[in-house]
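Notes follow once the structure below has been shown.
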Amino acid sequence: KPTYGSVSRYGLIDMCMSFDQIGPIAKNVSDAALLLSVIYGKDECDAISQEGTPQVYTKEVREPANAGPEKSSTKIFTRGINLKNINQIPKKLKVGILDFPIRDERIQELVEEKIKKASEKYNWTIQKIKIPYLDLAVATYFPIVYVEFFSATRKFDGRRYGKRIEEVCGPEVLRRILGGSEISKAEHKGRYYSQALKVRKLIQEEFRKAFEKVDCIISPVVPRLPHKIGEKISSEEMFQYDALTCPMNLAGNCAVSLPCGEIRIADAREGKRGVSGNSRGDNGKESGISDDVRGVPVGMQIACDKFCDEKMLQIARAIEKVGE
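The following block contains the structure:
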């Protein structure tokens with residue numbers, strides 16, 4: 032997920048335009064970097080898109096002539112992603128491990144083990160980092176999505192394209208349309224949507240503070256193991272799958288997911304459960320996991336500050352090399 036505004040959204044069928052961001056999906060970090068370098072940058076058809084990575088420098092000015100020196104900051108822009116830098120190992124990196132409750136501790140073990148190996152190899156420093164208001168991310172994210180998605184779908188009203196979207200969409204799309212319609216009503220003005228925007232500002236500010244302390248924040252992509260195929264779970268449980276990815280959309284920073292191993296689940300009759308990649312075994316049973324599953328993949332999320340996409344890819348590539 033590139034930084035919000037770093038890739039043009041022109042041509043995208045929008046879901047939530049204050050979150051929507053086009054990004055590459057690839058088999059490895061190098062391929063993702065190559066594709067991102069092509070699509071990254073300013074597009075005159077998208078007013079949100081920016082020219083490149085903001086770099087800040089200071090210069091001394093004297094005004095008036097008899098005044099003391101004062102410093103002023105000016106933003107300049109350098110174009111896109113430099114592919115030559117992706118394979119460089121970041122030096123003196125400060126890695127933040129997100130302090131967030133994870134439903135299955137084996138997921139966190141896999142992520143932390145991977146980071147430990149990378150830090151030992153590259154001499155990185157690791158620290159736990161807690162971000163306030165992160166527990167409100169899901170409750171903040173969906174009211175904004177519902178309202179903006181409802182607004183975006185009003186163009187599909189059947190006057191030009193045949194049927195209205197409500198007549199042909201699936202249950203999740205319909206839920207978002209109806210939710211946005213309800214939240215947008217005049218009697219709810221200043222309540223759900225407006226409050227969600229305020230919380231988003233708080234979360235953005237907390238991420239800004241966090242990135243003053245660390246270069247990247249690492250967490251699992253999903254805080255729980257998947258439920259059984261065909262099993263019905265509540266909307267609240269379903270939304271919790273997004274508990275660690277919603278904050279990145281709210282903050283607008285860049286993030287990338289990497290595979291970091293899988294949780295091995297043996298046959299029930301064998302009574303063995305464990306984690307691949309030299310992690311400790313676990314005889315506990317995760318509720319809702321089928322006993323015939325042999326391996327559940329676990330993803331690692333690496334997030335960096337806004338417009339630090341190149342640094343993020345460097346870190347991801349360095350961690351990827353640990354498993355090669």
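All residue numbers for the sequence shown refer to the working numbering, where the first residue is 32 and numbers rise by one.
Yeah, the Cβ is synthetic: ideal placement off N, Cα and C, and Gly gets one too.
DSSP places residue 288 inside the beta strand (DSSP E), whose first and last residues are 285 to 296.
Annotation for residue 57: 63, 66 place their beta carbon closer than 7 angstroms to its own, counting only its chain and skipping 5 residues before and after. Bounds of the alpha helix (DSSP H) holding residue 171 are 168 to 183. By the 16-neighbour rule on beta-carbons within 10 angstroms, residue 264 is exposed.
In the structure shown, the three-state DSSP call for residue 334 is strand. Its Cα nearest to that of residue 154, the residue 126 stands out among 250, 33, 341, 126. The stretch 242 to 255 and the stretch 266 to 281 touch, with three or more beta-carbon pairs separated by less than 8 angstroms. Cβ-Cβ distances below 7 angstroms link residue 328 to 290, 293 in the same chain, with the five nearest sequence neighbours on each side left out; the list follows chain order. According to DSSP, residue 247 shares a beta bridge with 126.
Under the DSSP assignment, residue 52 falls outside any beta strand (DSSP E); it carries neither an H nor an E label. For the pair residue 247 and residue 334, the CB atoms are nearer than the 8 angstroms cut-off. Residue 328 is bridged by DSSP to 293. The three-state secondary structure of residue 253, taken from DSSP, is coil. Straight through space, the alpha carbons of residue 279 and residue 337 are spaced by roughly 10 angstroms. In its chain, beyond the 5 residues on either side, 52, 283, 284, 285, 337, 338, 339, 340 have a beta carbon closer than 8 angstroms to the beta carbon of residue 34. Residue range 156 to 160 is occupied by the beta strand (DSSP E) that includes residue 157. Excluding the 5 residues flanking it on each side, residue 76 has same chain C-beta neighbours closer than 6 angstroms at 41, in chain order. Residue environment for residue 135: buried (at least 16 other C-beta atoms within 10 angstroms of its C-beta).
The beta carbon of residue 149 sits closer than 7 angstroms to the beta carbons of 155, 349, 350, 353 from its chain, once the five residues preceding and following it are set aside; these are given in chain order. With contact defined as three or more Cβ pairs closer than 8 angstroms, the stretch 203 to 223 and the stretch 170 to 179 are in contact. Annotation: residue 188 to residue 195 spans about 5 angstroms, alpha carbon to alpha carbon.
Counting every other CB atom within 10 Å of its CB across the protein chains shown gives residue 275 a total of 16 or more, marking it as buried. In this structure, residue 342 sits near residue 121, with a CB-CB distance shorter than 8 angstroms. Residue 183 and residue 296 have their C-alpha atoms roughly 43 angstroms apart. Residue environment for residue 111: buried (at least 16 other C-beta atoms within 10 angstroms of its C-beta). According to DSSP, residue pairing for residue 71 in a beta bridge involves 38.
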